[in-house]
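In this note's numbering, the protein residues as written are 4 to 231. For glycine and all other residues, C-beta sits at the position ideal for the given N, C-alpha and C. This structure is a prediction, so every number in the text was calculated from the model and none was measured. These notes are about the structure you will find just below.
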Amino acid sequence: MDHRRISELMTRDVVSVRIDTPFKEIARTLMEHNVSAVPVLDAVGRPAGVVSEADLLRKAADRSDLSGRTPLPHLEAWEQARAEGRDAGEIMSAPALCAHPEWTVVEAARLMDVQNIKRLPVVDEADRLLGIVSRADLLRVFLRRDAAIREEITRDVLGATLGLAPSDVTVEVGEGQVFLRGTVDDSGMIPVLVRLCTSVDGVVSVSERLRYRAERTGPVRAGHGATA
């Protein structure tokens, strides 16, 4: 079972700016390309940081409101310095947190979640920019066809990983929701099977109505479920 790689999901034609790109040119670049942030590259094409609409808006928020209706926000010293910045190097959020093309969707999603960021520049082994991946890109795994999800679970989870025959467990998938029905060798295999299915890219939830062979003739257990 392989999660989708960042190389499959990233945008390769990346809009970027240089460290010495002036404020107004950054704003113009964001508007012309309809993007909310761009990587800031150093002289050899390595991401030094990221500059976003929020970084640019910090300058506007720092201006006095002559009407007196909106008080000036309190800015820390580093925020004040960036609000007064004139070019990308002075405005950007740094250092740039980056991903590598061989990373899985799970690795990138965890880093975005922990760091509370919306995008990651993707770099090669020399830290040169290859592409960029966003939260929206990662969500594309949930657009996988149900048939592809079912095939992966049947082939990789049931067959290759757990050694189950297709006649042991049937798999139904609808809108990313997986339902398992059948018989496995022992009770300990059931939570393992559910967990493995939940980890398949594109799965929204897993529910099951499974028996284990020791109770094949007994009443059907209550099913369990898991949600991605």
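How close, in whole Å, do the beta carbons of residue i and residue j come, if the pair is a contact with beta carbons under 8 Å?
| i | j | result |
| --- | --- | --- |
| A99 | A51 | 6 Å |
| G179 | V207 | 4 Å |
| V109 | H6 | 5 Å |
| I94 | D58 | 5 Å |
Can you give me the Cβ contacts of residue i inside the same chain, cut-off strictly under 8 Å, excluding the 5 residues immediately before and after it?
| i | result |
| --- | --- |
| P254 | In the structure as shown, the chain starts at 4 and stops at 231, and residue 254 therefore has no counterpart that could be examined. |
| V47 | R131 |
| R147 | G179, D204, G205 |
| H36 | V18 |
From residue i to residue j, what does the alpha carbon distance come to, in whole angstroms?
| i | j | result |
| --- | --- | --- |
| T61 | V209 | The residue you asked about is not Thr; residue 61 is Arg in the sequence shown. Approximately 44 Å, taken between the alpha carbons. |
| V38 | V136 | 13 Å |
| D42 | A112 | With the sequence shown as reference, residue 42 is identified as Pro, and Asp is not the correct amino acid for it. Spanning the two alpha carbons is a distance of roughly 19 Å. |
| V172 | G185 | 4 Å |
| M34 | K27 | 11 Å |
| I156 | L199 | 8 Å |
| T164 | D188 | 14 Å |
| F182 | V17 | 40 Å |
| I193 | L213 | 7 Å |
| R31 | P169 | 57 Å |
| L142 | Q118 | 18 Å |
| A114 | K121 | The amino acid at residue 114 is misidentified as Ala; the sequence shows Leu. Computed Cα separation, rounded: 10 Å. |
| A102 | E87 | 30 Å |
| L44 | D116 | 24 Å |
| A129 | W106 | 16 Å |
| D149 | V53 | 36 Å |
| L196 | A40 | 40 Å |
| R49 | L161 | 43 Å |
Can you tell which of the options has its C-alpha closest to the C-alpha of residue i?
| i | options | result |
| --- | --- | --- |
| T24 | S55, R89, G48 | R89 |
| V176 | G205, G162, T164, L142 | G205 |
| G92 | L161, A163, S19 | S19 |
| A151 | D16, E56, K27, V203 | V203 |
| F145 | L161, T201, V54, E87 | T201 |
| E56 | L123, L44, I29 | I29 |
| R123 | A97, V195, R147 | Rather than Arg, the amino acid found at residue 123 in this sequence is Leu. Looking at the Cα atoms, A97 is the closest of the given residues. |
Note down, in chain order, each residue of its chain lying with its Cβ closer than 6 Å to the Cβ of residue i, except the 5 sequence neighbours on either side.
| i | result |
| --- | --- |
| S190 | Y215 |
| R153 | V174, V176 |
| R15 | G134 |
Ordered along the chain, which non-local residues of its own chain (more than five positions away) have a Cβ less than 7 Å from that of residue i?
| i | result |
| --- | --- |
| R85 | D58, R61, E93, I94 |
Open item on the list: Restricting to runs no shorter than 3 residues, where is the beta strand (DSSP E) found entirely within the segment 145 to 193?
Closed with: The qualifying runs are 172 to 177, 180 to 187.
TODO: Could you name each continuous alpha helix (DSSP H) segment of 4 residues or more that falls completely within the segment 79 to 112, going from the start of the chain to the end?
DONE: 80 to 86, 91 to 94
Task: Sequence ranges, beta strand (DSSP E) only - wholly within the segment 195 to 220, length at least 3 - done: Fully enclosed beta strand (DSSP E) runs of 3 or longer: 208 to 215.
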